[in-house]
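A.B. asks: At position 95 of the sequence shown the residue is numbered 95 (UniProt numbering), and the sequence of numbers has no breaks.
For glycine and all other residues, C-beta sits at the position ideal for the given N, C-alpha and C.
Please see the structure below; I have some questions.
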Amino acid sequence: MSFIGTRSACINAATLALADAGIPMRDLVTSCSAGYLNSTSLLDLNYVEDSAGGPDVTLGILPKLDKVTLLQMDSKLPIDILENVMQLAIEGCKAIANYIREILLENTKQLEYRRGV
1 MSFIGTRSAC
11 INAATLALAD
21 AGIPMRDLVT
31 SCSAGYLNST
41 SLLDLNYVED
51 SAGGPDVTLG
61 ILPKLDKVTL
71 LQMDSKLPID
81 ILENVMQLAI
91 EGCKAIANYI
101 REILLENTKQ
111 LEYRRGV
């Protein structure tokens, strides 16, 4: 198994598990990575992109509260490029949050149907 994106995958899986278990949370915590390679901002880098050695960022957010919970970057980036990469990562995190909410809603509907509610 590749280590690329495992931190984000674990955060997203833990969020889904906690929400599915009914644990009260102020917001979902979602995470994704973004990077910069060949003058292009990239979301969710694959092995080849990550191995190219460009800077990458792992971001975790509370999407409804617009709060950053995690920011990890192991290289340097000019501030204007960092802002673009961060914005891309925020959009990715919000898309993941929407997908998790859809999954939770569908699961709730299935539970209601099975229980005859």
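Who are the Cβ neighbours of L65 in its own chain at under 8 Å, not counting the five residues just before and after it?
C.D. replies: The answer, listed in chain order, is R26, D27.
A.B. asks: Could you tell me the alpha carbon to alpha carbon distance between Q87 and I100, rounded to whole angstroms?
C.D. replies: Whole-angstrom Cα-Cα distance: 20 Å.
A.B. asks: With which residues is I61 paired in a DSSP beta bridge?
C.D. replies: In the DSSP output, where bridge partners are listed per residue, I61 has T30, V68.
A.B. asks: With three or more beta-carbon pairs closer than 8 Å as the criterion, would you say the region 89 to 106 touches the region 72 to 81?
C.D. replies: At 8 Å Cβ cutoff, the stretches do not touch.
A.B. asks: Check this for me: beta carbons of L59 and S41, under 8 Å apart or not?
C.D. replies: No, they are not a contact pair.
A.B. asks: For D56, name the three-state secondary structure that DSSP assigns.
C.D. replies: It is a strand residue.
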